[in-house]
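Asker:
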Amino acid sequence: MRKFLLVFMLMFSFAFGASFSMKEYKTPLISIDDDGSATIVDSPEIVVGSSGVVMRQFGVGDSSIIARVSVISKGGGFAKLQFEVFDSLEQKALPLPGVEPKSGDLAILNFLYDRALIVVPNREIYDEVVSAFKDVMFIHPDIVGAYLSYEYKPNPSRDDFRKMCSQSAAGLIFIGMDKKSVFADCQSFKVIKEFETGEVDSYQLPFYTRVRDIDTIFYKLNSEHINNYDAHYDRLLGQ
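Quick note on numbering: the sequence shown equals residues -17 to -1, 1 to 222 in mature numbering (1 follows the signal peptide of the UniProt record, and there is no 0).
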């Protein structure tokens, strides 16, 4: 076991090298297309699958987020964005803003990409990941673990992680698996960056957390325990 763990750690450090960082990228919307998408000028800092928000300036010092966007394609010097409802700041007593994006609004991509949830199979790998990525603030897995325990969800879904990303103001989720690890967008679950890592010989399910009572309950039919860590997270990533 120690041999496999050491191999993972050495390959992990070698593969990552310098810290991973994707800074916010701001650019105006050039045009709004008939299919509900928008066009912006392309840049090497724009990655297909990444997400962000659209900001509307209403007056001097008065602006607001009016939509979420995700990058769906790049080509010919331009990138295409797909609009979505921004509900991370939803208040039940207030309606969601009904303002539609228009040309000139500001797209802020890689939004909250300096904060990430972390899903790894054991404590040793958790320590290695946190040490490797100094530019990323990782939300402690106990926060997600406590939520799953309260909800009787030992098999976390995309929606569970999306909810915790919104509540924790995180834009990314790091998932460490056998022989590979990824940073994925919290909302789209599209892989933003993939790394080659080593073999994993020790797993805690559903992931490493000090919360030990993530159990199922009889009246929740979709709350069964997961049996295969790698298969579960591969499925969430659509791989």
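Built from N, CA and C at the ideal position, the CB exists for glycine as well.
Everything numeric in this text was worked out from a predicted model, so none of it was measured.
Mapping the DSSP letters down to three states, classify Glu111 as helix, strand or coil.
Answerer: Glu111 falls in the helix class under three-state DSSP.
Asker: Give the DSSP-derived three-state secondary structure of residue 227 in the structure shown.
Answerer: Here the chain covers residues -17 to 222 and nothing more, so residue 227 does not appear.
Asker: Note down, in chain order, each residue of its chain lying with its Cβ closer than 7 Å to the Cβ of Ser46, except the 5 sequence neighbours on either side.
Answerer: Contacts found: Met38, Arg39 and Gln40.
Asker: Can you name, in chain order, every residue of its own chain whose Cβ lies under 7 Å from the Cβ of Leu77, other than the five neighbours on each side?
Answerer: Bear in mind that a pLDDT of 43 at Leu77, under 50, signals an unreliable position, so the number given afterwards is only what the model happens to contain. Here the set comprises nothing.
Asker: In whole angstroms, what is the alpha-carbon distance linking Arg118 and Asn138?
Answerer: The sequence given here has Asp at residue 118, not Arg. Near 29 Å, if we compare the C-alpha coordinates of Asn138 and Asp118.
Asker: For Val183 versus Pro104, is the C-beta spacing smaller than 8 Å?
Answerer: Their beta carbons are under 8 Å apart, which means Val183 touches Pro104 by this criterion.
Asker: Assign residue 229 to buried or exposed, taking buried as 16 or more other Cβ atoms, counted over all protein chains shown, within 10 Å of its Cβ.
Answerer: Residue 229 lies beyond the range of the chain shown here (-17 to 222); nothing can be said about it.
Asker: From the DSSP output, in three-state form, read off Ala153 for me.
Answerer: Three-state DSSP puts Ala153 in coil, outside helix and strand.
Asker: Between Ala129 and the rest of its own chain, which residues show a CB-CB distance below 6 Å, the 5 nearest in sequence each way excluded?
Answerer: These residues qualify, in order along the chain: Val194.
Asker: Under a three-way DSSP split, which group does residue 304 fall into?
Answerer: Coverage of the chain is limited to positions -17 through 222, which leaves residue 304 absent and any answer about it impossible.
Asker: Express the C-alpha separation of Glu111 and Gly19 in angstroms, rounding to a whole number.
Answerer: Whole-angstrom Cα-Cα distance: 42 Å.
Asker: Assuming Val30 is part of the beta strand (DSSP E), what are its boundary residues?
Answerer: Neither: Val30 is in no beta strand (DSSP E) and is coded neither H nor E.
Asker: Could you please give me the residues that DSSP links to Gln65 through a beta bridge?
Answerer: Answer is Ser20 and Ser53.
Asker: Less than 8 Å between the C-beta atoms of Ser171 and Ser53, yes or no?
Answerer: Yes. Within cutoff.
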